[in-house]
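Novice: Residue numbers (this note's numbering), protein chains in the order written: chain A, 183 to 331; chain B, 1074 to 1752.
Structure incoming, see below.
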Amino acid sequence: MVEPRRKPILVVEDDPLDREMIELAFKRAAIQSPVVTVSDGQAALDYLQAEGLFRERQPEDLPAVIVLDLAMPRMDGFEFLRRVKPTPALAAIPVVVLTTSEFDQDLSQSYALRANSCITKPGDFERLVEIVRAVHEYWCEINKVPQGK
Amino acid sequence: MRAPLPFSRLSVHRKLILILAFIVLPVVGMMVLYLNTLRQSLAVQGEVDRLFEIQVQAEAILSMVLEVQDGFRGFVLVRKEKFLEPFNKAEAAFDPAIARLKQMVRDDPEQLQRLTPIEARLHALLEKKKRLIDAIRLGELKAAREHIESGEGQNALNTIREDLRVFESIEKQRLSERRARAERLASVTQYGLVGVVIGILFLWWLASRLLARTITGPLATLTAAAQEFGSGRPIARIPVFSMDELGRLARTMEEMQERISRHISQIEAFQAIGQDISTIGPDGLEGVLKRIVETAGNMLRVDLCLVLLWDETIGCWKVGAASGHWHDLLYRSVLIREETPISFKALTTGHPQVVDDLEARPEVVLQIRDRLGGKSLLTVPLRGPKGAFGVLALAPTREKRVFTDWDVRLSQQFAVQAAIAILNARLYEAAQQRGEGLQNRLEELERYATNMAHDLKGPARRMAELASLLRIDYKGRLDERADRYLGWIRETGQQLMNRIEEVLKLARIGTVPEVVEAVAPADVARDVIKGCEGLIEQQGARVRVADWLPKLACNRVHLFQVLDNLVRNALHFSVDGRPPDVEIGVVKQTNETVLFVRDNGIGIPSSDWERIFEPFERLGHKDVQGTGIGLAIVKKIIELYQGRVWVESEPGEGTTFFFTLPLYGDLAGVPVRQEKAGS
C-alpha cells in the first residue's frame, strides 16, 4: 500500500541542540512527515527555491509548514519572512515562528511580516512535544493550503 | 512758527542792552531838552538883569551929563567954585560907567561901536567945558556966555541922550526877542515832555512785548519742554528758534534729550541683548560668540568687532568670533601678544583701553590696524571668576571714532553680559559633552546587558529542556534521587528563564515608543483579576475595585503591568490563615489624584519602603513565588510617565501602594466626563 507522499516539515534553527530537540520532539509526537532541518534563513531559502545544496530537491517537496527561529546568523527569521512572503509561489506556506523571545515587538514584527503563528520555546521537553504535535495537527492536517498544481 | 527776526540773531545780553536803550535813550533826550530849556530861560533872566544895568548906567551917565551942564551953568553965573563939584565928580565917574557898559556888551561889536561916539562926545563935552572953566578962571567970560547962549552944550547933551536911547532900545529889542524865543522853547519843552512820556510808555510796552517774545516766552517753552521730558514723554522739537543763547539752549536740550532717549533705548535693548546672546542654541559656544560680536557691533555702531580669547597654554589670542565677513576670515586664527598690545593691556589691567586714532602711533605694530584696517580701537576685558579671559575689541574701519565715556561704559556693561554668556556656553558644552559620553556609555551598557540576558535565556531553556528529556527517557532507570535532581535542574533552568525574561521586560520599558491612550483602570483591573483567577481561588481572596476610577492617559499594557504586579504582590504576601483582601481605589490628595492598591497582608517595615522598588530586592519569605523584579517594573513604568509610586504599611496589618499616572483630562486639556465603572 502506497501512502500519499507526505510533505516535509522545514525546521529553521541555528542552535544544533535545539535542532536536535525539535527533531526528537517531532519523532516523539509520532509525526510521519519528514522533518528537514536547516541552520539559517539563507539555507531555508535555498531549500524553497531548490538552489545551492538543495539543487537536487524534488519540485513537489515544498514544506507543509516552516518552523522558524528568529535569531540566526547569516539571515535571520525576519529577513527570511521578508523574502518568502512577497513571493506568490511561497506565500501560502504557513510559517510558525518558534522563538526564545517573549518581546512584544519581536512578535508584532513577525506578524507584520506575515508569519502565520508565533510560539515561545517552553523550557520543558514534554511541553515541546505537545507544541509540535499541535503545530502538525493544525497546520498540516486542519489547515488548507492551495495545492499549487 | 515765527520767522526769525534780525533781532533774534542777537544774544540775550545784546537784546537786554537794546531793550534798555529803547527806554533809556528817550529819557536822556528828554533830560537834555529840559536842561536846554532851563539854560535858555536862565540866559533870558541874565539878559534882563544886564539890560536893567545898562539902563541904570545910561541913566547915570545922562544924569551926570545934566549935572555937569547945570554945574557949569551955575559956575558961569556966580563963579563960585562950589558949583564945579558935580562937574568934577562926573568927570571921574564917566569913564568907569562907560567901561562898565562896554563890558556888558563886549560880545556885541555893533553895540560896542555905538558906544564909541557917545564916549567921544562925552569926552569932547567935558574938554570943552574944562577949557571954558579954565578961561573963566582967567576972567574970560565972553566965550562961556557965548557957549551957553549958543545952546551948544544942550545940543551935545541931547545928542548923547539920543544915542544912549538908541543903544538902550536895541538892547530892549534883543531882550524881547530872547524872551519870546525862551517862551516858545518852554512850550515846546512842555509838549515834548508829554510826547516823551507817551513815547516812553509805548516803548516800555514794546520792550516788555519784545522781552516776552525773545526771553520769557522761550524760557517758558523750555521749562515746559524740560518738564515734559522729565515726566518721561519724549519731545521731538522744542519750538524755540532764535539764534541766541535760548535757541542754543533749546538745541542743546534737544540734543541732550535725543542722547538720553538713545541711551535709554540702548539700556532697554540691553536686557533683551543679554537674553539673546546668552541663549545657547544648537550652534553652542560659537553661536553665542557670533551673536556677541554682531550685537556689540550694532549697539555701538562699529563695523569690526572681535572677541579675542586668551589662550593660557600657548600665550596667544584666539579669535573667538568676528563680525560680518571677517568671521570666516578670522575665526579661530591666532594673534600674537606683541602685535596686539592694546588688547593685551586691557586683559592684564582689567580696564577698558581706548585709542581714538590708531594711526597716531605708526611705530607700534598693531594687527587690528595693519591687517584689518581699524581706525580707532576700544577694547574691553571679558572677566570671569579667575580674572579676564579675553577681550571684546571694537575697531571701526571706515573712519576714526572718538569713543565717548558713554560708549565705554555701555561696552563695559555689555562685556559683563557677554562674559557670563561665554562662560555659561562653555560650561554647557562641557556638561553636554560629558553628558553625551555618559549617555553613550550607559546605552552601550544597557544594550550589552540586554543582549547578554537574551543570550543567557537560550542556554537556560535548553538546560531545562534537556533535564526534562532525561527524566522522560531514563524514567525507571535512574534512582529516585537522580530523578529529583533532574527535576531541580529543570526547575532552576525554568526559573532562570523567567527571571531573565523579567529583567528583559524591565529593560525594555520606555525603550520602545508605546501608544498613550485613554485607559479606564477599572477595565484593566478586571483583566488583571481574570489573570489571577487561579491564585484568588486558591487563597480564597477577595479583590475589590472602586466604583469610580479616573481615566488615565497611558499605555494600556503598562497599566496592566502595574496593576498585575501590585495585585499579585498583594496576593502573595498574605498572612497565613487570613484570606487576602485587596482593594483598588483612588484618593484625592492636595492637588493630585492618587490610585492605590491596598492589602491586609504581612506588611513592610518602614526601613524597607524604599528598597522594595529595587530589582531583586525581595524581602521576607524565600518560598514565595516571584522573580523579585515586579515592583521595579512598576516603578520604572510609573516614572516613565513622570509619576510617583510609594508605599505605606503597618507590619502585620497590611500594605498600601500609591501611584500617580497622568489623568486623561490633563492630557487633552479638558476634563473628561466622569464615568461610572463597575468593579
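From the three backbone atoms N, C-alpha and C, an ideal C-beta is built for every residue, glycine too.
Smallest Cα separation from D1122/B: which of T1368/B, Y1714/B, A1259/B, R1252/B?
Specialist: Restricting attention to T1368/B, Y1714/B, A1259/B, R1252/B, the CA atom closest to the CA of D1122/B is found in R1252/B.
Novice: Kindly confirm or deny that the region 1607–1616 of chain B and the region 1632–1639 of chain B touch, where touching means at least three C-beta pairs closer than 8 Å.
Specialist: Contact between the region 1607–1616 of chain B and the region 1632–1639 of chain B is absent, with fewer than three C-beta pairs closer than 8 Å.
Novice: Could you tell me the boundaries of the alpha helix (DSSP H) in which G1607/B lies?
Specialist: 1606–1612
Novice: Can you grab the Cα-Cα spacing for the pair K209/A / E202/A, in whole Å?
Specialist: 10 Å
Novice: Could you round the C-beta distance between E1538/B and L310/A to whole angstroms and report it? I think they count as a contact, below 8 Å.
Specialist: 6 Å
Novice: Taking any Cβ of chain A, which residues in the region 1627–1646 of chain B have a Cβ under 8 Å from it, in chain order?
Specialist: V1630
Novice: Is it a yes or a no for the region 1175–1185 of chain B touching the region 1132–1140 of chain B, going by three-plus beta-carbon pairs under 8 Å?
Specialist: no
Novice: Using beta carbons (cut-off 9 Å, strictly below), is P255/A in contact with chain B?
Specialist: no
Novice: Go ahead and pull the three-state DSSP assignment for A1395/B.
Specialist: strand
Novice: Of the residues that make up the region 1557–1575 of chain B, which ones have a beta carbon closer than 8 Å to any beta carbon in chain A?
Specialist: R1563, G1566, Q1567, M1570, E1574
Novice: Indicate whether at least one CB of chain E lies closer than 9 Å to the CB of R1520/B.
Specialist: Note that chain E does not occur in the displayed structure, where the protein chains are A and B.
Novice: For T269/A and M1536/B, I'd like the C-alpha separation in whole angstroms.
Specialist: 38 Å
Novice: Comparing alpha-carbon positions, which option in A1498/B, N1642/B, G1388/B, H1398/B lies nearest T1413/B?
Specialist: T1413/B has its Cα closest to that of G1388/B, out of A1498/B, N1642/B, G1388/B, H1398/B.
Novice: Going along chain B, which residues have a C-beta under 7 Å from Q287/A?
Specialist: Chain order gives the chain B residues near Q287/A as V1585, where near means a beta carbon separation below 7 Å.
Novice: Do we get a CB-CB distance below 9 Å when we pair K1709/B with the residues of chain A?
Specialist: no
Novice: Using a Cβ-Cβ cutoff of less than 6 Å, which residues in the same chain neighbour L1734/B once the five nearest sequence positions on both sides are dropped?
Specialist: L1625, C1627, Y1714, G1716
Novice: L310/A touches chain B at which residues, Cβ-Cβ below 8 Å?
Specialist: E1538
Novice: Can you tell me which residues form a DSSP beta bridge with W1719/B?
Specialist: F1731/B
Novice: Per DSSP, which one or two residues make a beta bridge with T219/A?
Specialist: V193/A
Novice: In chain B, what lies closer than 7 Å to L199/A by C-beta?
Specialist: Residues of chain B whose Cβ lies closer than 7 Å to the Cβ of L199/A are, in chain order, R1535.
Novice: With distances taken between CB atoms, is the gap from V1366/B to A1342/B smaller than 9 Å?
Specialist: No, these two residues do not count as a Cβ contact at 9 Å.
Novice: Once you ignore the five residues that flank F1095/B on each side, which residues in its own chain have a CB closer than 6 Å to its CB?
Specialist: L1276, A1280
Novice: By Cβ distance, which residues of its chain are closer than 8 Å to E323/A, with the 5 residues on each side in sequence left out?
Specialist: none
Novice: For T1294/B, tell me which candidate among S1315/B, L1274/B, N1109/B has the shortest Cα-Cα distance.
Specialist: S1315/B
Novice: Do F1476/B and A1058/B count as a contact pair if the criterion is CB distance below 9 Å?
Specialist: Only positions 1074 to 1752 of chain B appear in the structure, and residue 1058/B is not among them; the question remains open.
Novice: Measure the CB-CB distance between E1200/B and I1171/B and report whether it falls below 9 Å.
Specialist: Remark: C-beta atoms of E1200/B and I1171/B do not approach each other more closely than 9 Å.
Novice: Between which two residues does the alpha helix (DSSP H) carrying R1444/B extend?
Specialist: Per DSSP, R1444/B belongs to no alpha helix (DSSP H) and is neither H nor E.
Novice: From the DSSP output, in three-state form, read off F1462/B for me.
Specialist: strand
Novice: Tell me the DSSP secondary structure of W1390/B in three-state form.
Specialist: In the structure shown, W1390/B sits in a strand (DSSP, three-state: E or B).
Novice: Cβ of P1652/B versus every heavy atom of the ligand ADP: is any distance shorter than 8 Å?
Specialist: Absent from the structure shown: the ligand ADP. Ligands present: none.
Novice: Report the residue from V1141/B, D1376/B, L1195/B whose alpha carbon sits nearest the alpha carbon of L1447/B.
Specialist: The amino acid at residue 1447/B is misidentified as Leu; the sequence shows Gly. It is D1376/B whose Cα lies nearest to the Cα of G1447/B.
Novice: Say whether chain A places a C-beta atom closer than 9 Å to the C-beta of S1036/B.
Specialist: Nothing can be reported for residue 1036/B, as the shown portion of chain B is limited to 1074 through 1752.
Novice: Within 10 Å of its beta-carbon, does R188/A have 16 or more other beta-carbons around it, so buried, or fewer, so exposed?
Specialist: exposed
Novice: Grab me the residues of E1148/B's own chain with a C-beta within less than 6 Å of its C-beta, minus the 5 sequence neighbours each way, in chain order.
Specialist: Residue 1148/B is actually Phe in this sequence, not Glu. If we look at F1148/B and ignore the five residues flanking it on each side, its Cβ neighbours are F1156, L1157.
Novice: Measure from the C-beta of K1530/B to each C-beta in chain A and report whether the shortest distance is under 9 Å.
Specialist: yes
Novice: With DSSP collapsed to three states, give me the class of A1216/B.
Specialist: helix
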